[in-house]
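Just so it is clear: in the sequence shown, position 122 is 122 by the UniProt record's numbering, and no numbers are missing.
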Amino acid sequence: MTMTTTLALTGANLLTCDRGGTVLTDHTVLVGENGSITAVGPSHELVDRAASVQRQIDCAGKWVMPGLINAHAHVMADGRPLPQALMIPPAARAIVAFWKTPLGRPMLRERARGFVECELNSGVTTMRCLGEYDNEAITLGRDSERRTWLGPRMTASGPLLATTGGHGSEFGLARIVDAPWEGRKAVRQNLRLGATSIKIAATGGVTDAKVVGEAGRPQMTVEEMTAICDEAHSAGVLVAAHAQSPEGVLRSLKAGVDTIEHGSAMTDEIVELFHDNPKSLRGWSALDATLLAAVPLVEIDTEITGASEVVRENARIVVDSMTQGIRDAIKNDVVLGSGMDSSMTFTPHYAMWRELDLVVSRAGLSTARALEAVTRVNARMLGLDSVTGAIEPGLSADLLVLGANPLDNLRALEGVEKVITRGDVIDSPTVERFGEIDELLDTLRS
Ligand SMILES: [Zn+2]
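Below, the structure is given as structure tokens:
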């Protein structure tokens, strides 16, 4: 690993990713040796400084924006429909058990590394991994931070915390929590693994529900979640809750959960708690919208997705409620982030832009706000706004060079020409695409 090259991006159309969609023309960005942005301004003002740097990238006719932040990722699979065998709990548990053996562990990590590299090459320069087999995402994040590997910035949770029989528990993916003190212990175990986030299953989920209506049903008690939040917050760590019904969201917020994953339609009480949440780490909570993992299960033929009728019906209920929840967040100015739940069926790691596209077309978010969500808002939601998420002096040089303007069409994000992560340039980022899946996902665009 070589040291960061001092870099200038000159003559760019700069997407500030503010709420209004401001674009600054003919701007230059200077990057220092430590990988941070040192200056941003009109090119004519920085021409002398730009001339003396080691590397100049001429961005005339290009668009430069902050790197994408995927606030809800997994590094368990490639995003194609999961083999049916994996949906049978004993088979899934056997596979999970293998990954944790001395033989399986390095294989697991290498697999995960490929998925993370795919995200990076598609423009994701920061990701939050919410639920992993063991500590594979934690380890990759650490390697990337130490720069022994060219990866994105990662925050990772270690294994999910769930109740007996709860979401994720049947697959051997979760630490089981059936009492407040078990919750505290599970948080401590994950923190010892190096976790920098905590993920809980507050309610049932779509993929493993056995009956219609189970997705979204409250599973973890307020007492359990309160203990988990208290323990995590003591370590300065944010808690994310999978919550897919108004009751599940309300209980999570009352317990002090910081980010609601997926979400649901909001009552006035829920809106109030998002804005003013005394038990959360920062006094407010955020909604992390994820539509891409659920919409295809409803709208694409079950023969292709492999979804059972129960899964499809639960997905339908959840998608309707999540979409309403996003509308409620927009209307009430709740902090609204974005994650794609990568690794789930039909969420390939290069598809972050499609998540934004769905939120725009299905829930009425403006394109400018979608770009704000995936950069500035996600950075704030994850507590990283003093590190990344915008193009400003002092922030990490996490940048994308695009050949077209994503404000005109979010598909411009599909062809990222260069990815810059902590000042390191990836000149020809490439990802392995799944043509058939992309074609099907295109049918979801309106
Ligand atoms: Zn997830």
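Where a beta carbon is used, it is the ideal one built from N, C-alpha and C, also for glycine.
{"Check": "heavy atom of ligand 1 below 8 Å from THR203 C-beta", "Outcome": "no"}
{"Check": "Where the alpha helix (DSSP H) through HIS72 begins and ends", "Outcome": "Element bounds for HIS72: not the alpha helix (DSSP H) but the beta strand (DSSP E), 68-73."}
{"Check": "Where CYS129 sits in the DSSP three-state scheme", "Outcome": "strand"}
{"Check": "Per DSSP, the bridge partner or partners of MET154", "Outcome": "MET127"}
{"Check": "CB-CB length for LEU441 against ARG354, believed under 8 Å", "Outcome": "6 Å"}
{"Check": "Beta strand (DSSP E) runs contained entirely in the stretch 236-324, provided each spans 3 or more residues", "Outcome": "239-243, 259-262 and 286-289"}
{"Check": "Exposed unless 16 or more other CB atoms sit within 10 angstroms - verdict on GLU269", "Outcome": "exposed"}
{"Check": "Length of the line joining the Cα atoms of ALA307 and LEU297", "Outcome": "7 Å"}
{"Check": "Neighbourhood of ASN13 by C-beta distance below 6 Å, restricted to the same chain and skipping five residues each side", "Outcome": "VAL23, THR25 and TRP63"}
{"Check": "GLU119: CB within 8 Å of a non-hydrogen atom of ligand 1", "Outcome": "no"}
{"Check": "Proximal residues to THR139 (C-beta, below 7 Å), its chain only, five neighbours per side dropped", "Outcome": "ARG109"}
{"Check": "Inter-residue spacing [alpha-carbon to alpha-carbon] between THR155 and VAL212", "Outcome": "33 Å"}
{"Check": "Beta-carbon contacts of GLU136 that lie in its chain and below 6 Å, excluding the five residues immediately before and after", "Outcome": "LEU108, ARG109 and ALA112"}
{"Check": "Start and end residues, alpha helix (DSSP H) containing LYS185", "Outcome": "180-193"}
{"Check": "Nearest to ALA315 (by Cα), restricted to the options THR125, VAL29 and GLY204", "Outcome": "GLY204"}
{"Check": "Sufficient close CB pairs (3 or more, under 8 Å) joining the stretch 336-347 to the stretch 285-305", "Outcome": "yes"}
{"Check": "Three-state class that DSSP yields for THR375 in the structure shown", "Outcome": "helix"}
{"Check": "Between the CA atoms of ASP143 and MET3 - distance to the nearest angstrom", "Outcome": "The pLDDT assigned to MET3 is 37, lower than 50, so where the model puts this residue is not dependable, and the model offers no usable value."}
{"Check": "GLY158 versus ALA51: straight-line alpha-carbon distance, rounded", "Outcome": "45 Å"}
{"Check": "Presumed contact (8 Å Cβ cut-off) between ALA243 and GLY256, rounded CB distance", "Outcome": "With 8 Å as the limit, ALA243 and GLY256 do not qualify as a contact, their Cβ atoms being about 13 Å apart."}
{"Check": "Assigned secondary structure, HIS167 (DSSP; H/G/I helix, E/B strand, else coil)", "Outcome": "coil"}
{"Check": "Ligand 1 heavy atom lying under 8 Å from the CB of HIS349", "Outcome": "no"}
{"Check": "Closest Cα partner of SER361 within the set PRO429, GLY403, ASP208 and THR443", "Outcome": "THR443"}
{"Check": "Classification of MET1 by the beta-carbon crowding that lies within 10 angstroms, buried from 16 upward", "Outcome": "Its pLDDT being 36, under 50, MET1 is placed unreliably by the model, and the measurement read from it follows with that caveat. Exposed, because fewer than 16 other Cβ atoms sit within 10 Å of the Cβ of MET1."}
{"Check": "Run of the beta strand (DSSP E) containing ILE198, from where it starts to where it stops", "Outcome": "198-201"}
{"Check": "Assumed close pair residue 480, LEU160 - CB separation to whole angstroms, cut-off 8 Å", "Outcome": "Residue 480 is absent from the structure shown; the chain starts at 1 and stops at 446."}
{"Check": "GLN84, buried or exposed, once every other Cβ within 10 Å from all chains shown has been counted against 16", "Outcome": "exposed"}
{"Check": "Nearest candidate by alpha-carbon position, reference ALA162, set GLY236, ILE228 and ASP58", "Outcome": "ILE228"}
{"Check": "Exposure label - ASP424; buried when at least 16 CB within 10 Å", "Outcome": "buried"}
{"Check": "Contact test: MET220 Cβ vs ligand 1 heavy atom, cutoff 8 Å", "Outcome": "no"}
{"Check": "Inter-residue spacing [alpha-carbon to alpha-carbon] between TYR350 and VAL431", "Outcome": "7 Å"}
{"Check": "Opposing strand residues paired with TRP63 [DSSP bridges]", "Outcome": "ASN13 and LEU402"}
{"Check": "MET107 beta carbon near ligand 1 (any heavy atom closer than 8 Å)", "Outcome": "no"}
{"Check": "Counterpart residues of LYS418 in DSSP-defined beta bridges", "Outcome": "VAL401"}
{"Check": "Any non-hydrogen atom of ligand 1 within 8 Å of MET352 CB", "Outcome": "no"}
{"Check": "THR290 beta carbon near ligand 1 (any heavy atom closer than 8 Å)", "Outcome": "yes"}
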